[in-house]
């Protein structure tokens with residue numbers, strides 16, 4: 216399955232990437248997606264191993280199961296207001 | 216000495232008077248002025264014996280000594296805002 | 763910038779009150795707006811008359827704003843309080859405070875309205891749709907002994 | 763009336779946000795305005811870039827406003843949060859709440875800004891007069907286990 220991965224702010228600056236598609240085996244959870252991402256490239260290893268994430272625009276824990284077409288966003292510490 | 220007495224809101228409605236001059240002996244305090252006022256007329260007896268007062272636009276206690284020309288205001292419970 | 767306090771016979775413009783505060787040093791501004799409600803204590807209200815001891819209300823408002831400024835560490839404070847006849851929805855008071863930090867701006871605005879309720883020599887006569895009117899029960903202003911002369 | 767939440771690329775007009783709330787049932791409105799400060803942590807700031815995950819920020823803002831409405835017993839709530847490049851003094855957020863009673867309006871406005879600080883997927887890159895820039899340290903949004911799928 217394919218998951219759409221979004222990177223913001225400091226994660227985008229660290230990697231130089233704001234969006235990419237990751238191929239994952241069926242049954243993967245968000246933690247698997249991040250492990251896969253971090254192992255693909257030295258740049259992506261700069262992302263924390265356990266970042267806050269959102270799947271389809273909702274904050275979820277890293278054990279959230281992913282489905283084909285999901286949007287997985289890596290959320291650096293936020294600073295609204 | 217003469218003191219200028221001001222009445223507001225419900226005190227004005229109770230007495231039909233918003234301002235009057237009271238003649239007092241030297242050395243009178245605010246309590247004396249109110250006693251004098253309340254004894255002059257049945258209408259003024261409707262004012263509480265110990266109202267909140269201000270002398271020259273500052274809240275003071277009833278034992279505040281008065282001087283000729285002072286402005287003594289009787290302040291009903293307030294409702295600003 | 764400095765503290766601005768007015769007892770206003772004409773309608774208050776809340777945006778104008780807000781515009782009186784703010785500074786490049788400030789990260790937060792809080793504006794409080796009080797308006798006349800159509801209902802009070804279960805009775806339908808048609809309007810309100812605000813009576814004031816204006817000559818005293820101005821210095822009391824300045825004193826309250828000065829205390830708020832000391833708490834908040836900011837003198838960017840503007841307060842306008844209306845007097846006269848007000849219809850439903852009319853603005854009776856607008857309080858604006860700006861400050862480097864939001865907690866101070868919130869606390870100062872809140873302090874001012876709470877103190878105004880109990881210290882400002884202002885009285886409300888509520889008009890009801892029945893045609894009756896009544897002075898609202900008020901608060902007894904605290905008088906400190908050391909303020910005696 | 764209903765809850766209004768916007769992530770705005772264009773400048774925010776605080777008076778316009780305030781004008782979205784209010785009702786004849788309400789006696790109080792609170793407007794909070796956040797602005798870019800000229801100084802932060804002792805460094806001179808020249809401006810700020812607000813980055814956002816806009817598609818998620820809108821529903822998060824609606825959720826926060828909905829929680830505030832429940833606390834306050836009023837759905838007269840408007841929130842606009844700016845994104846993009848902001849100069850000193852520019853408005854980054856405006857929050858307006860009106861309610862029958864002032865305590866509710868204050869509490870709801872305060873609730874919204876505090877939650878926005880820790881939950882809204884927005885990031886600030888501060889620009890300094892030295893020409894440098896840095897992402898501001900942020901807060902880790904709380905994630906509830908039951909929100910997991």
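Protein chains in written order, with the working numbering: chain F, 216 to 296; chain D, 216 to 296; chain E, 763 to 911; chain S, 763 to 911. For each residue, glycine too, the CB sits at the ideal point set by N, CA and C.
Asked, Found
"How would you list, in chain order, the residues of chain E whose beta-carbon sits under 8 Å from the beta-carbon of residue 290 of chain D?", "815, 883, 903"
"Compare the beta carbon distance of residue 833 of chain S and residue 870 of chain S with 7 Å and say whether it is the shorter of the two.", "yes"
"Closest to residue 266 of chain D by CA distance: which of D:216, D:245, D:284 is it?", "D:245"
"From which residue to which residue does the beta strand (DSSP E) around residue 807 of chain E run?", "805-814"
"Straight-line CA distance for residue 768 of chain E to residue 859 of chain E?", "15 Å"
"Taking the alpha-carbon positions, what's the residue 292 of chain F to residue 786 of chain E distance?", "26 Å"
"Could you compute how far the alpha carbon of residue 174 of chain D sits from the alpha carbon of residue 284 of chain D?", "With chain D covering 216 to 296 only, the question about residue 174 of chain D has no answer from this structure."
"Under the three-state reduction of DSSP, which class applies to residue 225 of chain D: helix, strand or coil?", "helix"
"Could you pull out every residue in the same chain whose Cβ sits closer than 6 Å to the Cβ of residue 221 of chain F, ignoring the five residues on either side in sequence?", "234, 288"
"According to the neighbour-count rule (16 or more other Cβ atoms, all chains shown, within 10 Å of its Cβ), is residue 864 of chain E buried or exposed?", "buried"
"Which one of E:813, E:822, E:811 has the shortest CA to CA distance from residue 269 of chain D?", "E:822"
"Mind reading off the beta-carbon distance from residue 890 of chain S to residue 854 of chain S? Whole number of angstroms is fine, and I expect it under 8 Å.", "Incorrect: roughly 17 Å between the Cβ atoms, too far for contact."
"Under 8 Å, with one C-beta from each stretch per pair, do the stretch 778-785 of chain E and the stretch 815-831 of chain E reach the 3-pair mark?", "no"
"Closer than 7 Å by beta-carbon distance: list the chain D residues that pair up with residue 893 of chain E, in chain order.", "Correct list: empty, because the minimum Cβ distance to chain D is about 17 Å."
"Using 8 Å for Cβ pairs, my map puts residue 884 of chain S next to residue 294 of chain F. What's the rounded Cβ distance?", "7 Å"
"Between residue 874 of chain E and residue 826 of chain E, is the Cβ-Cβ spacing less than 7 Å?", "yes"
"Please tell me whether residue 905 of chain E and residue 276 of chain D are closer than 7 Å, where the distance is taken between their beta carbons.", "yes"
"Using 10 angstroms around the beta-carbon of residue 790 of chain E, count the other beta-carbons present and answer buried if the total reaches 16, otherwise exposed.", "buried"
"Any idea which residues DSSP pairs residue 210 of chain F with across the strands?", "There is simply no residue 210 of chain F to check, as chain F begins at 216 and stops at 296 in what is shown."
"Between the stretch 274-285 of chain D and chain E, which residues of the former have a C-beta closer than 8 Å to a C-beta of the latter?", "274, 275, 276, 278, 279, 280"
"Taking the alpha-carbon positions, what's the residue 897 of chain E to residue 795 of chain E distance?", "22 Å"
"Hey, quick one: how far does the alpha helix (DSSP H) through residue 880 of chain E stretch, first residue to last?", "864-881"
"Taking the Cβ atom as the reference point for each residue, do residue 771 of chain E and residue 846 of chain E lie within a distance shorter than 7 Å?", "yes"
"Which same chain residues end up closer than 8 Å to residue 799 of chain E when comparing Cβ atoms and leaving out the 5 residues on each side of it in sequence?", "807, 850"
"Does the beta-carbon of residue 241 of chain F have 16 or more other beta-carbons within 10 angstroms, so that it is buried, or is it exposed?", "exposed"
"DSSP has residue 853 of chain E in a bridge; who is on the other side?", "E:797"
"Do you know offhand how far residue 249 of chain F's Cα is from residue 903 of chain S's?", "18 Å"
"Pull up the distance between the alpha-carbon of residue 888 of chain E and that of residue 895 of chain E, whole angstroms please.", "5 Å"
"For the beta strand (DSSP E) containing residue 289 of chain F, list its first residue and its last residue.", "286-290"
"Rounded to the nearest angstrom, what separates residue 886 of chain E and residue 810 of chain E at their Cα positions?", "6 Å"
"First and last residue of the beta strand (DSSP E) that includes residue 704 of chain S?", "Residue 704 of chain S lies beyond the stretch modelled for chain S, which goes from 763 to 911, so this question has no answer here."
"With distance defined between alpha-carbon atoms, name the residue in F:263, F:224, F:229, F:237 nearest to residue 216 of chain F.", "F:237"
"Taking the straight line between their C-alpha atoms, what separation do you get for residue 252 of chain D and residue 259 of chain D?", "6 Å"
"Compare the C-beta of residue 821 of chain S with all C-beta atoms of chain F and state if any pair is closer than 7 Å.", "yes"
"Compute the beta-carbon to beta-carbon distance between residue 793 of chain E and residue 793 of chain S, rounded to the nearest angstrom, for a pair I have assumed lies under 8 Å.", "4 Å"
"With 16 other CB atoms within 10 Å as the buried threshold, where does residue 784 of chain S fall?", "buried"
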